[in-house]
Amino acid sequence: MIEGADDPSTPSGVTPENPLAGFLVSFSRTEVGEFWPLREGNNALGSSPENDIVLPELRVSSKHANVNIRHDPGTEAWKFQLVDLSSSNGTYLDGERLDIFTGVSVAPNAKIRIGGYELLLLAADKFAQGLTRNEAFKPSQPAFDYSARDHYGDDRTRPAY
4 MIEGADDPST PSGVTPENPL AGFLVSFSRT EVGEFWPLRE GNNALGSSPE
54 NDIVLPELRV SSKHANVNIR HDPGTEAWKF QLVDLSSSNG TYLDGERLDI
104 FTGVSVAPNA KIRIGGYELL LLAADKFAQG LTRNEAFKPS QPAFDYSARD
154 HYGDDRTRPA Y
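Per my numbering, the very first residue in the sequence shown carries number 4; after that it's consecutive.
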């Protein structure tokens with residue numbers, strides 16, 4: 004179950020995101036670097052805007068690869084898997100070209116090459132590091148209470164100007 008799925012404070016129609024599992028980091032396009040969050044589940048990579056991670060480069064296929072992430076309760080760690088989706092120019096893991104549609108385990112700090120991008124996979128393994136939600140967390144700004152903004156009076160049939 005995703006944390007917050009049954010939380011009554013979650014607004015109607017808003018789906019909580021899957022937990023953060025890591026990041027892809029690259030310095031290929033810019034000296035200052037870029038990063039993309041990786042979340043539990045399927046993370047689609049490619050040049051098409053429909054992907055979770057958009058890599059706008061000529062040698063990146065529209066649907067190039069997937070990084071699949073799941074929590075392994077046996078080891079209490081994230082498991083990363085990389086799959087090439089029959090891309091034109093291939094997907095490389097630590098210099099080796101992947102076979103298409105064959106999932107390969109990826110260790111943290113592995114280098115992935117997709118087109119002109121060299122990507123470093125960084126894990127944010129909350130399980131291995133024992134990171135949990137702090138029940139005593141207090142935000143610096145309380146949530147705004149909109150209940151005092153009732154412009155329609157008690158019977159809600161006429162404005163209360």
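Glycine is no exception: its CB is placed at the ideal position from the N, C-alpha and C atoms. Predicted model only: the values in this text are computed from it and were never measured.
Whole-angstrom distance between residue j and residue i, CA atom to CA atom
{"i": "Glu-99", "j": "Lys-114", "result": "10 Å"}
{"i": "Tyr-120", "j": "Phe-30", "result": "8 Å"}
{"i": "Val-35", "j": "Gly-118", "result": "19 Å"}
{"i": "Leu-101", "j": "Arg-136", "result": "37 Å"}
{"i": "Asp-97", "j": "Arg-116", "result": "8 Å"}
{"i": "Ile-56", "j": "Trp-39", "result": "7 Å"}
{"i": "Pro-142", "j": "Arg-73", "result": "30 Å"}
{"i": "Thr-18", "j": "Ala-110", "result": "Legend: pLDDT at Thr-18 = 46, less than 50; position of this residue unreliable, value from coordinates given subsequently. Using only the alpha carbons, I get a separation of about 29 Å."}
{"i": "Phe-147", "j": "Ala-139", "result": "20 Å"}
{"i": "Arg-42", "j": "Phe-83", "result": "10 Å"}
{"i": "Pro-52", "j": "Gly-133", "result": "35 Å"}
{"i": "Asp-9", "j": "Pro-145", "result": "Because the pLDDT at Asp-9 is just 43, under 50, the model does not fix this residue reliably, and the point stays unresolved."}
Top-ranked residue by Cα proximity to residue i, from the options
{"i": "Val-28", "options": "Glu-20, Pro-22 and Glu-37", "result": "Glu-37"}
{"i": "Arg-62", "options": "His-74, Asp-55 and Leu-48", "result": "Leu-48"}
{"i": "Pro-22", "options": "Phe-147, Trp-81, Thr-105 and Gln-144", "result": "Trp-81"}
{"i": "Leu-85", "options": "Pro-59, Glu-138, Gln-144 and Phe-104", "result": "Phe-104"}
{"i": "Arg-32", "options": "Asp-87, Glu-79 and Pro-59", "result": "Pro-59"}
{"i": "Pro-76", "options": "Gln-144, Lys-129, Pro-145 and Glu-20", "result": "Lys-129"}
{"i": "Gly-44", "options": "Glu-20, Glu-79 and Tyr-95", "result": "Glu-20"}
Within 8 Å, strictly: CB atoms of residue i and residue j
{"i": "Gly-25", "j": "Ala-131", "result": "no"}
{"i": "Asn-69", "j": "Asn-92", "result": "no"}
{"i": "Ser-50", "j": "Ser-90", "result": "no"}
{"i": "Asn-54", "j": "Gly-106", "result": "no"}
{"i": "Leu-124", "j": "Asn-112", "result": "yes"}
Those residues which DSSP pairs with residue i across a bridge
{"i": "Ser-29", "result": "Glu-37"}
{"i": "Ser-220", "result": "Coverage of the chain is limited to positions 4 through 164, which leaves residue 220 absent and any answer about it impossible."}
{"i": "Asn-45", "result": "Asn-71"}
CB contact below 8 Å: residue i versus chain C
{"i": "Ser-89", "result": "Of the protein chains in the structure, only one exists, and it is not chain C."}
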